[in-house]
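Below is one structure, written out as structure tokens, with a few remarks after it.
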Amino acid sequence: MKKKRILSFLTLVALLFSFLFSGCFDSNAAKNSAEIYCSLIFKSDAQNIQQIGLSDSDKDNLIKDYQSKIKDRLKQNLIFMGYLASDDQLNSVCDGYKEALSKITYETKQISKSGDEAQVEISTTNFDVKKIDEQAATDALNETDTMEFSSTDEENNKFNEIYLNKLAEGLKNAEISSDKSSNTFKFKKVNKYWVPDDSANFGYKLIRLATDEENTDLNIDEESISPEESAKLFWNLVINQDSSSIEKIGYSKAFGERLIKNKNKEYFKYLKNEFNKAGISLSDEQIQGIINALLSSIKKTSANFEVASKTDNLAKVKVSSTSINLNSIATKTENNIKNQISSGKITSKQQALDSCISLITDEINNAQLGSSNNENTFSFTKIADIWIPSNVNNYVENITDMSIK
């Protein structure tokens, strides 16, 4: 009986201590929990995870989850550029990301507490992940511009290799800003542990805070740009040669201008190759004149964008556009040249060629909008908080075709 009484007393004492340390003297318990979470996410320090009720498997899942988010963002950038990456390449970049995060310093401050609820302000230094990513892509474009390739695939693979290496290197050498960003998080007491009230978004928001993201309070399932906005952004970039909205998907206007320049170089190489295959020798100035006329002409078109269907990560966007009617230009130009030859105004092959180029350029510049609209439906994928075309190259090619009849 005495033994039972002693055990009962010891149990009571244990409960008393549990009560004291989980209630009466835990005025900063939520703050302490926040520090442990920050240490785990930024420093990969799992030393005190038991104090927040996490097991080793919980820790592994948490780290795996945020690494998955890193890979998702990287995949978004690669899809945007029209490339893919192997798991090994993605892991290399994730290691760089992890090293950059380890340099982050943070402060926690419990700003309120009421019963089993508390608010903790977390402030972190940060690094500009968008700037690092953009620089890596710019460096890759600069280097591949000076190389000769036997095929597009070879060029793409080389760009991919340089871009990912530069990105991993840039992250490892990330400069941490001394300026701090802050956000306030709600914590709640579950059993004896203080945990984030919104555990699904807590780590995601911390990463956004530390990587200088806009709208640091954005949730995982929210979007910073809708499918139809994304469709319009790419239309403006490709058809209107306008990069002013590209910042909505994390790139600077200057980088958008670089993408436009690269696309125009592709047009030039393609058109020059087609003329060469046809045995027609044109100057670079003449070829560029045709391209400039075409690009200027399709800017007259307009488009509407409508979401046809949408799930959590996949959407269908219907694009309806006007188009420039170029069907009759070739025939009209041919007839005009024949008439000039018949009338004696053109007396040599070179004169005919020069006149043909001049007429085609003028006709393209003066082309009118067609009487009917073109429609097509495209798939868009949500990666992180941004919707982008599931196949960027396919979208770009098709909207270009839609603008020309």
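When the letters of the sequence shown are read in order and numbered with mature numbering (1 follows the signal peptide of the UniProt record, and there is no 0), they come out as residues -29 to -1, 1 to 376. Where a beta carbon is used, it is the ideal one built from N, C-alpha and C, also for glycine.
Give me, in chain order, the residues of the same chain whose beta-carbon lies closer than 6 Å to that of residue i; leave out the 5 immediate sequence neighbours on both sides.
i: residue 60; result: 135
i: residue 217; result: 227
i: residue 42; result: 61
i: residue 3; result: none
i: residue 165; result: -1, 1, 4, 158
i: residue 129; result: 115
i: residue 255; result: none
Spatial neighbours of residue i within its chain, please: CB distance less than 7 Å, with the 5 preceding and 5 following residues excluded, ordered by chain position.
i: residue 182; result: 97, 98, 100
i: residue 375; result: 269, 294, 295, 297
i: residue 377; result: With the chain represented from -29 up to 376, any question about residue 377 goes unanswered, as that position is not in the structure.
i: residue 361; result: 350, 351, 352
i: residue 207; result: 213, 216
i: residue 197; result: 358
i: residue 332; result: 260, 261, 264
i: residue 239; result: 258, 259, 262
Can you tell me which of the options puts its alpha carbon nearest to the alpha carbon of residue i?
i: residue 205; options: 290, 188, 161, 192; result: 290
i: residue 259; options: 188, 273, 235; result: 235
i: residue 66; options: 127, 145, 118; result: 145
i: residue 154; options: 160, 77, 220; result: 77
i: residue 126; options: 237, 311, 350, 92; result: 237
i: residue 261; options: 24, 274, 242; result: 242
i: residue 39; options: 143, 174, 151; result: 174
i: residue 10; options: 55, 72, 68, 28; result: 72
i: residue 328; options: 283, 246, 278, 280; result: 246
i: residue 57; options: 117, 131, 248, 222; result: 131
i: residue 273; options: 302, 139, 342; result: 342
i: residue 113; options: 82, 220, 233; result: 233
Cβ of residue i within 8 Å of Cβ of residue j?
i: residue 252; j: residue 231; result: no
i: residue 276; j: residue 176; result: no
i: residue 354; j: residue 210; result: no
i: residue 90; j: residue 157; result: yes
i: residue 160; j: residue 87; result: yes
i: residue 23; j: residue 75; result: no
i: residue 244; j: residue 292; result: no
i: residue 95; j: residue 6; result: no
i: residue 335; j: residue 285; result: no
i: residue 180; j: residue 152; result: yes
i: residue 271; j: residue 324; result: no
i: residue 385; j: residue 300; result: Residue 385 lies beyond the stretch modelled for the chain, which goes from -29 to 376, so this question has no answer here.
Return helix, strand or coil for residue i, following the three-state DSSP convention.
i: residue 367; result: helix
i: residue 351; result: strand
i: residue 16; result: coil
i: residue 144; result: coil
i: residue 73; result: helix
i: residue 153; result: strand
i: residue 311; result: helix
i: residue 272; result: coil
i: residue 258; result: helix
i: residue 251; result: coil
i: residue 211; result: coil
i: residue -8; result: A caution first: residue -8 carries a pLDDT of 40, below 50, which makes its placement in the model unreliable, though a value can still be read off. Residue -8: helix per DSSP, three-state reduction.
i: residue 79; result: strand
i: residue 339; result: coil
i: residue 377; result: Any property of residue 377 remains undetermined from this structure, which presents the chain solely from -29 to 376.
i: residue 286; result: strand
i: residue 190; result: coil
i: residue 222; result: coil
i: residue 357; result: strand
Among the residues of its own chain, which have a CB less than 8 Å from the CB of residue i, if the five just before and after it don't count?
i: residue 194; result: 353, 356, 357, 358
i: residue 36; result: 174
Of all Cβ atoms in chain C, is any one closer than 8 Å to the Cβ of residue i?
i: residue 109; result: Within the model displayed, chain C is absent; a lone protein chain is all it includes.
Should the region 360 to 370 be called in touch with the region 300 to 309, which here means at least 3 C-beta pairs below 8 Å?
no
Decide if the region 135 to 153 is in contact with the region 60 to 73; the criterion is three or more beta carbon pairs, one per stretch, under 8 Å apart.
yes
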